[in-house]
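Numbering (our numbering), first residue to last: 201 to 932.
Below is one structure; the comments refer to it alone.
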Amino acid sequence: MDPDGDLNPDTDDLPLRANTNHILVKHYVLDLTVHFDSKVISGSIVLFLEPRSGVRTEAGGSQDGFTSRYQEVDALEDDKKELETTTTKVEKMCGDAESIQSSSLWHTTSGGEFTLVLDCCDLDVSKVEEVDVTSVEAMLSRFPEVPSKKSGDVSRKPQAAFIQNLISMPSSQWRQQHQLFSLCSHAPGAQNGSTLQFHRDRWSLQVRKNGVTSPQEFPCALRICYETKPAGGSVRWTKDQDNSRDQTTCVDSAFCYSSLEDEGLSVTDYSGMVDDGISCSHGDYPCRFTERSACSQRVIPHRVFSPACILQKAQMGVLKLLPQCLAAAHAVLGVHPFPRLDVLIVPAGFSSLGMASPHIIFLSQSVLSAGSPGSEESLSLCGSRICHEISHSWFGLVIGARDWTEEWISEGFATCLEDIIWAQAQQLSLEEKTEQFDLKALLRWRRLSDELQNSKEELQILRPNMEKTGQVSESGSSTVKHALNPEKPFMQVHYLKGYFLLRFLASQVGEQQFIEFFQLFVKKYHGHLILSQDFLQMLLISFPDMKRKGLTLSAIYADWLDQPGIPKWLYERSAVWSQARLVEEVKAEVVKWILLSQSHHGKGRKRKRMEPKVNYKELTSDQLVMLLELLLEESELSVASLRALQRTYSLQNQDAEVRHRWCELVVKHAYAQAYGDVEHFLIHDQAMGVYLYGELMVQEDPEQQALARHCLSLVQEEMDQSARRVVEEMVL
Numbered sequence: 201m202d203p204d205g206d207l208n209p210d211t212d213d214l215p216l217r218a219n220t221n222h223i224l225v226k227h228y229v230l231d232l233t234v235h236f237d238s239k240v241i242s243g244s245i246v247l248f249l250e251p252r253s254g255v256r257t258e259a260g261g262s263q264d265g266f267t268s269r270y271q272e273v274d275a276l277e278d279d280k281k282e283l284e285t286t287t288t289k290v291e292k293m294c295g296d297a298e299s300i301q302s303s304s305l306w307h308t309t310s311g312g313e314f315t316l317v318l319d320c321c322d323l324d325v326s327k328v329e330e331v332d333v334t335s336v337e338a339m340l341s342r343f344p345e346v347p348s349k350k351s352g353d354v355s356r357k358p359q360a361a362f363i364q365n366l367i368s369m370p371s372s373q374w375r376q377q378h379q380l381f382s383l384c385s386h387a388p389g390a391q392n393g394s395t396l397q398f399h400r401d402r403w404s405l406q407v408r409k410n411g412v413t414s415p416q417e418f419p420c421a422l423r424i425c426y427e428t429k430p431a432g433g434s435v436r437w438t439k440d441q442d443n444s445r446d447q448t449t450c451v452d453s454a455f456c457y458s459s460l461e462d463e464g465l466s467v468t469d470y471s472g473m474v475d476d477g478i479s480c481s482h483g484d485y486p487c488r489f490t491e492r493s494a495c496s497q498r499v500i501p502h503r504v505f506s507p508a509c510i511l512q513k514a515q516m517g518v519l520k521l522l523p524q525c526l527a528a529a530h531a532v533l534g535v536h537p538f539p540r541l542d543v544l545i546v547p548a549g550f551s552s553l554g555m556a557s558p559h560i561i562f563l564s565q566s567v568l569s570a571g572s573p574g575s576e577e578s579l580s581l582c583g584s585r586i587c588h589e590i591s592h593s594w595f596g597l598v599i600g601a602r603d604w605t606e607e608w609i610s611e612g613f614a615t616c617l618e619d620i621i622w623a624q625a626q627q628l629s630l631e632e633k634t635e636q637f638d639l640k641a642l643l644r645w646r647r648l649s650d651e652l653q654n655s656k657e658e659l660q661i662l663r664p665n666m667e668k669t670g671q672v673s674e675s676g677s678s679t680v681k682h683a684l685n686p687e688k689p690f691m692q693v694h695y696l697k698g699y700f701l702l703r704f705l706a707s708q709v710g711e712q713q714f715i716e717f718f719q720l721f722v723k724k725y726h727g728h729l730i731l732s733q734d735f736l737q738m739l740l741i742s743f744p745d746m747k748r749k750g751l752t753l754s755a756i757y758a759d760w761l762d763q764p765g766i767p768k769w770l771y772e773r774s775a776v777w778s779q780a781r782l783v784e785e786v787k788a789e790v791v792k793w794i795l796l797s798q799s800h801h802g803k804g805r806k807r808k809r810m811e812p813k814v815n816y817k818e819l820t821s822d823q824l825v826m827l828l829e830l831l832l833e834e835s836e837l838s839v840a841s842l843r844a845l846q847r848t849y850s851l852q853n854q855d856a857e858v859r860h861r862w863c864e865l866v867v868k869h870a871y872a873q874a875y876g877d878v879e880h881f882l883i884h885d886q887a888m889g890v891y892l893y894g895e896l897m898v899q900e901d902p903e904q905q906a907l908a909r910h911c912l913s914l915v916q917e918e919m920d921q922s923a924r925r926v927v928e929e930m931v932l
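Put into structure tokens, the structure is as follows:
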């Protein structure tokens, strides 16, 4: 087969070449060693494979739970170091062309032999071999009905039978299954020609075995020996938050945890599956949705890991909020898909505010309170971000997008649920919740409107493959449209436009009814990969009144998913949000600050007499963001008013969203006394500061440009590579 097909790697589309319609990775075991001195991770991954029946899956729907580029495996209590997924999932790509790697036996033409294709980037592969699982005594004991190999017999038949029995074990026996997977992963290579032919190109690893012409004959257990590249994009090295990778810290001082028993919260005993009659339509795996005790477990066991220097902030912020956020998520969405949760506070060079994986959330230090972490308001950004990442347990992890271009399915849903869960965690009244939703919606509308005005139309579409969404080649290979576009990582259109689509749908069916529909959708589709149409079709069937309003699948596609720009409903609704009570309060404060600024253009005593008479209202963090955004629209603000603004709201101690707007204001008006705030932000809040460099440069102010270059010189070694490239383009 030709793994490249008609894919052009020179475009900004990402080729996914794994032949998932032919063969699947059902489980993997990593055995890796980290070499800190050489900045390399080396070791092996053992893949357990299952050939497919050859049935293609088209865009109309999925035949089973394995229609994706990779199978989500809930490893539960797997002790292996899962530092890097190298199978059937493309990792973050590097921009440079890679050297070709091949075994000495590889030929460019296969002569009719079957080729296993795995998506792979940035790795040096040294060997690929078949694993002899028939040598594992525990396998012989567990599956005595499978004939063991005879002396000198290396036939595939017993190997395949053992692996098929292993991957087919019922979920109630998951502990035994995982133990057998682990034992098999340490088995030796098969004798008599166990080393397989392999070839590495820029995007894939291709493997063959002499004489094997079909996936059914291909080895079912492979060991791939490899190592990462020190300068590769898949693994990035940085010092710890305490600025010393050699420092040894007592583990107890590096993490904090919640004793759930002390809080009177239930702890699930995940010792075995309990069938309580719930029927799941996905493949058989240890599913918490079928476990009786999980249904009532409002708060799952959780820990927070943090560098020692910010441990107290993590305790006062993240650890304080986790139980109430987890309980709120359970109230909104039901059973937690995973039995535990760790939160890791990552270094300043992390590329986003958060990232969710099974059992773990990576959280930026920017969400921690900058000042005194005592007040509830100082925890707003932290709480809402935790709720966003927790939401991904349902939308993104246990339910995922079948076509990787449909990012809105995870990010739009998480953004919408972030508000709902955070409001639940705060125990807001209906009126308070509505007001908070309206203010957040207006802030997001302003952000989306600005982004769409300054981005290419092709990047504004939530379903860029349109009618071809979900379609793959005969082998299963596909492309992710625009995935390598350098502008894409910094855009939020799939977060924001996806969020507004869900807010629009909620407005049509009712808020509470919409939340109840979320719960039904999760019950039906957990363990599956979906397309937009799966969600929308179920919604339209559940609420037939929508069709009578003219809301059909094609109409929603046309207005929201397949076109750039902003739908009419959003324009109309934004006018309503602009008149909400919390927004009107901000507008009144803006007038005061404008008048104060104008008064400082006067002279002498007049200015001094006016200052004490201004009575400023206390504002929430979101209101402060709105206040600063509206003041950014003013062409001129006096130095005295900027000084008073900073002092009145202690802006240097606010959350990162507020401080970001403050820094923009400082740069716009060249308020040199606060350049220290800008420097601090660019160093400690790198995930949010990329475009602030551009604002420093565009003013053509020598002092500001020098500040930008100085900050870049301090952090460029630890910056995310994509962010660094963008910033260097602006600054250098």
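Beta carbons are placed, not taken as given, at the ideal position from N, Cα and C, and that holds for glycine.
Taking one C-beta from the segment 602 to 622 and one from the segment 489 to 498 each time, how about it: are there three or more such pairs within less than 8 Å?
-> no
Are R925 and P686 close, meaning C-beta to C-beta below 8 Å?
-> yes
For the beta strand (DSSP E) containing G600, list its first residue and its last residue.
-> I599 to A601
S578 to R436 span [Cα, whole Å] = 31 Å
Identity of the residue in V898, C587, L396 and P523 nearest M930 by Cα = V898
Using 10 angstroms around the beta-carbon of I741, count the other beta-carbons present and answer buried if the total reaches 16, otherwise exposed.
-> exposed
Check whether the segment 865 to 879 touches the segment 825 to 841, taking contact to mean three or more Cβ pairs, one atom from each stretch, closer than 8 Å.
-> yes
Using a Cβ-Cβ cut-off of 6 Å (strictly less than) and excluding sequence neighbours within five positions of S414, which residues of its own chain qualify?
-> F314
Any C-beta of chain B sitting closer than 8 Å to the C-beta of S382?
-> Absent from the structure: chain B. Only one protein chain is present.
Nearest to T848 by alpha carbon, out of N815, N221 and A856?
-> N815
Following the continuous beta strand (DSSP E) through F562, name the residue where it begins and the one where it ends.
-> I560 to S564
Answer yes or no: do L553 and V825 have a C-beta to C-beta separation smaller than 8 Å?
-> no
Please look up how many angstroms separate the CB atoms of S551 and D920, rounded, as I've assumed it's under 8 Å.
-> 4 Å
Beta-carbon proximity of K327 to T395, cut-off 8 Å = yes
Compare the C-alpha of P430 against each of D237, K768, V693 and K697 and name the closest.
-> D237
Residues bridged to H227 by DSSP?
-> F248
Simplified DSSP state of C587, which is helix, strand or coil | helix
Burial state of T752 (16 or more Cβ within 10 Å) = exposed
Classify G698 as helix, strand or coil using the three-state DSSP reduction.
-> helix
Separation of V598 from G727, as counted between CA atoms = 5 Å
Cβ neighbours of L933 in the same chain (closer than 8 Å, five flanking residues each side left out) | The structure shown does not extend to residue 933, since the chain is modelled only from 201 to 932, so the question has no answer here.
Which runs of the alpha helix (DSSP H) fall wholly inside the segment 763 to 792 and span at least 4 residues, in chain order?
-> 768 to 777
Might you give, ordered along the chain, the residues of its own chain that have their beta carbon closer than 8 Å to the beta carbon of S736, omitting 5 neighbours on each side?
-> The amino acid at residue 736 is misidentified as Ser; the sequence shows Leu. Closer than 8 Å at the Cβ level, and outside the excluded window around L736, lie L753 and I756.
Use the C-beta contact count for N221: other C-beta atoms within 10 angstroms, 16 or more gives buried, fewer gives exposed.
-> buried
Per DSSP, L316 forms a beta bridge with which residues?
-> V407
When you compare each of V786, L739, S372 and L541 to E589 by their alpha carbons, which one comes out closest?
-> L541
Cβ pair W777, V786 closer than 8 Å = no
Backbone CA spacing between G698 and R342 [nearest angstrom] | 49 Å
Cα separation between I621 and F595?
-> 14 Å
Excluding the 5 residues preceding and the 5 following P370 in the sequence, name in chain order all residues of the same chain whose CB lies nearer than 8 Å to its CB.
-> D484
Which residues in the same chain as A780 place their Cβ atom closer than 8 Å to its Cβ, once the five residues preceding and following it in sequence are excluded?
-> E635, D638, L639 and L642
Label N665 either buried or exposed according to how many other C-beta atoms from any shown protein chain fall within 10 Å of its C-beta, with 16 as the threshold for buried.
-> buried
Ends of the beta strand (DSSP E) at F933?
-> No statement about residue 933 is possible, as the shown extent of the chain runs from 201 to 932 and does not include it.
Which residues bound the beta strand (DSSP E) around F398?
-> Q397 to R400
Considering only the beta carbon of each residue, do S580 and A556 sit closer than 8 Å?
-> no
Given 8 Å, three or more beta-carbon pairs between the segment 360 to 370 and the segment 385 to 405 = no
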